[in-house]
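Have a look at the structure below before the remarks.
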Amino acid sequence: MKILKLSCLALAIGAVAAQAAAAGQQQEANGFIEDSSLQLINRNFYMNRDYRHGGSNSQGINRAKPVNERNGYREEWAHGAQLNFSS
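Using mature numbering (1 follows the signal peptide of the UniProt record, and there is no 0), the letters of the sequence shown correspond one by one to residues -20 to -1, 1 to 67.
Structure below.
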């Protein structure tokens, strides 16, 4: 019986604490637009490899080009953007 009383007391304290926390969060809440944020992240990547004057490079042989235009030079560029919205 004593365990049941302690369990009920712990449950009541937990319920009151949860309601108080929810009420505090509601008072701090703003509107949908006022409390929102928008973040844009841009990234650029440029890679240049030049093995035309010696060196071993299996990735820079440009397999897509005709055989007479292939060389050890390779140049790549990439751009990425990430847009985060939270409210």
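Yeah, the Cβ is synthetic: ideal placement off N, Cα and C, and Gly gets one too.
Residue state for E49 is assigned as helix, using DSSP reduced to three classes.
The Cβ-Cβ distance between A61 and L20 falls below 8 Å. N51 and Y26 have their alpha carbons spaced roughly 19 Å apart. Going by C-alpha positions, I13 is about 17 Å away from L63.
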